[in-house]
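One structure below.
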Amino acid sequence: MQTLNVPQIYDRGLADFSALTPLERDVFVVHDLNLYYEMEGGFEDYLLSGGHTAEIEWLTGTLQRAQDQASATILIQLMALTQHDREQMGALCDHFYHLMESRWEAVERYLRQQGVAIAW
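Its first residue numbered 2, the sequence shown is counted upward by one per residue in the working numbering.
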């Protein structure tokens, strides 16, 4: 079984997201949004800036592959909102973040099916 080290993947992904393997991208996008929330108290700016389009699109696919319907539904709702809807985004960001444990469980289960484990 292959092991992916989350901190190493995160550092590499910040430097060059496109250089990560597909499974590394799955790990990176979940971790990146969680950290952003923890640092900023939300991720409205992350979504609205337009600077993270590739990561957000990849995260959508990751959640679908991991069969995390709850997180995927919230992310889709968030992506449909604009700067004019910013006030509504906070509660959705909070709800998405609070699903972090179940999201990681789904992603880890998906990765195990691919023969991959993650290490912190």
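Note that the Cβ used here is the ideal one computed from N, Cα and C, for glycine as well.
On the CB-based measure, 16 or more other CB atoms within 10 Å of its CB, does residue i come out buried or exposed?
i, result
"T22", "exposed"
"S72", "buried"
"H53", "buried"
"L24", "buried"
"A67", "buried"
Based on DSSP bridge pairs, tell me the residues matched to residue i.
i, result
"A118", "T4"
Go through its chain and collect everything with a Cβ distance to residue i's Cβ below 7 Å, but skip five positions before and after it.
i, result
"L76", "L60, T61, L64, F97"
"Q78", "L93"
"Q116", "The residue you asked about is not Gln; residue 116 is Gly in the sequence shown. Excluding sequence neighbours, G116 sits near M2, Q3."
Go through its chain and collect everything with a Cβ distance to residue i's Cβ below 6 Å, but skip five positions before and after it.
i, result
"N6", "A120"
"Y38", "F44, Y98"
"D69", "R104, A107"
"A20", "none"
For residue i and residue j, I'd like the C-alpha separation in whole angstroms.
i, j, result
"C94", "H32", "14 Å"
"T4", "D17", "20 Å"
"R26", "E41", "22 Å"
"E102", "N35", "11 Å"
"A118", "V28", "10 Å"
Identify, in the order they occur along the chain, each residue of the same chain with its Cβ nearer than 8 Å to the Cβ of residue i, setting aside the five sequence neighbours on each side.
i, result
"Q89", "L82"
"T91", "Per the sequence shown, the amino acid found at residue 91 is Gly instead of Thr. Cβ within range, chain order: G43, E45."
"M80", "L48, I57, T61"
Consider the Cβ of residue i: report whether some Cβ of chain C lies at a distance smaller than 8 Å.
i, result
"M2", "Structure shown: chain C not included; a single protein chain is present."
When the Cβ atoms of the stretch 40–48 are set against those of the stretch 4–14, are three or more pairs found closer than 8 Å?
no
With three or more C-beta pairs closer than 8 Å as the rule, is the stretch 84–92 touching the stretch 60–67? no
Sufficient close CB pairs (3 or more, under 8 Å) joining the stretch 50–58 to the stretch 107–118 | no
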